[in-house]
Structure formats: structure tokens, C-alpha cells
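Number 92 in the working numbering belongs to position 92 of the sequence shown; there are no gaps in the numbering. Idealized CB from N, CA, C, for every residue including glycine. Model, not experiment: these values are computed from the prediction. Only one structure is covered here, and it is reproduced in the block below.
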Amino acid sequence: LRAMFELGVTSYGLEQYVNSEDYLQKAATGRRSLLGFNNRLTLIAYYWLAKVLKRQRKFTEAEACYRDVLAGWEIVHGDKHHLTLLAADELAATLFNFGNIEESEELSQRVMTSRMETLGESDASTLETMEDLNSVYFKRNEWRESEELCRQILEIQRRRCGENDYKTIRIMSNLAATL
């Protein structure tokens, strides 16, 4: 099962998504049979399976898989653990891609708040979640919210990396689009 999992992750890295899905599906179901669903190794296999499904634009299957992984991590680690937040963030992005903007916003808000509490506002994961939430605001034409959050992201990014950093410049561009 470990070899299947490793082949799946390697195939993903090589952009061989059909092979990756096959290997990860076998690894995930095998681990589930042997170790149970709420086992760390099983959840990791299902997380990677969800990633490959999402990459193939199989959003319905990816969403179901991310929901299962999120529920599993919440049982194993609680709702503020970094793996739980990672699964919630990935689910939010999948929902966004699938067009479920409202639930995506709700999850992104939850992840952002938890990451700010646990990691601080300057953490890269927190900033990425803030940018994801900004995308939701932008998509919903909520210009005031988007502008406010974008200005907050920009200020944090300037402190972290400086004025000429590529991410800072990208965030400036995002802010300009909201104005």
C-alpha cells in the first residue's frame, strides 16, 4: 500500500493524473480496509486522491473526498489543527471552482480566522486563505469587502517581503482591479 501511495504521489508530480488517481484510489481503499478511515495514513491517501480528482476537474468527486477528509481530521485532531485547516481550505477552493460560492466563503472565513488565531496574520498559509476569501468577494462583486481585505493583505505582504516582491506586486494588481 505504501508503494501504491508513493506511485500515486509521484504520478501526480509528473502530471500523470489518470495513473495517479488509480494508484491513490487503491492505496486509500486498501488503507481504509486495513487501518480504518480515521487513521492518519488513510486520511493522507484520501487527501491526495481528492487533490488529483480536483486537478482533473472532477469537482463532485473531489468535494466528497475533501468532505470525508475534513470530517476525519476533525475527529482525529480537532477543528484548529493545521491538517484540518488544510482540508477545509482545499474544500473551500473546490467549492469555489464548482460554483458553490456561499459555502466557499463560509469555509474560507473559518479557516482564515483559525489560522490568524493559531499562526498569526503574517503566516503564508493565513495570507493564502485571505487571498482565497478575497477571490470570493471579487467573484460576488462585493467590492468594498474585497478592497478592504486586499488592503489588509497588501500591508501584511509589504511588511513580510517588501515593496518589490512579486507577491506584493500581484496583490497591488488585485487591489487595483477592485477599485
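Residues of its chain near residue i, where Cβ-Cβ distance is below 8 Å and the 5 sequence neighbours each way are ignored
i: Gln157; result: Leu127, Asp165, Lys167, Thr168 and Ile171
i: Leu154; result: Thr168, Ile171, Met172 and Leu175
Min CB distance residue i to chain D below 8 Å
i: Asp68; result: No chain D is present in this structure, which holds just one protein chain.
Length of the line joining the Cα atoms of residue i and residue j
i: Ile75; j: Leu83; result: 12 Å
i: Glu102; j: Asp132; result: 13 Å
i: Glu6; j: Ala27; result: 9 Å
i: Ser146; j: Thr178; result: 7 Å
i: Lys51; j: Asp79; result: 20 Å
i: Met112; j: Thr42; result: 26 Å
i: Val69; j: Leu86; result: 10 Å
i: Gly13; j: Thr29; result: 21 Å
i: Trp73; j: Asn38; result: 7 Å
i: Glu148; j: Arg31; result: 45 Å
Proximal residues to residue i (C-beta, below 7 Å), its chain only, five neighbours per side dropped
i: Phe98; result: Phe59 and Glu63
i: Glu121; result: Ile156
Supposed close pair residue i, residue j - CB separation, criterion 8 Å
i: Leu107; j: Leu95; result: 7 Å
i: Gln56; j: Tyr17; result: 5 Å
i: Glu21; j: Leu53; result: 7 Å
Open item on the list: If we require 4 or more residues per run, which alpha helix (DSSP H) segments fall completely within the stretch 4-83?
Closed with: Complete alpha helix (DSSP H) runs here, min 4: 17-35, 40-55 and 59-77.
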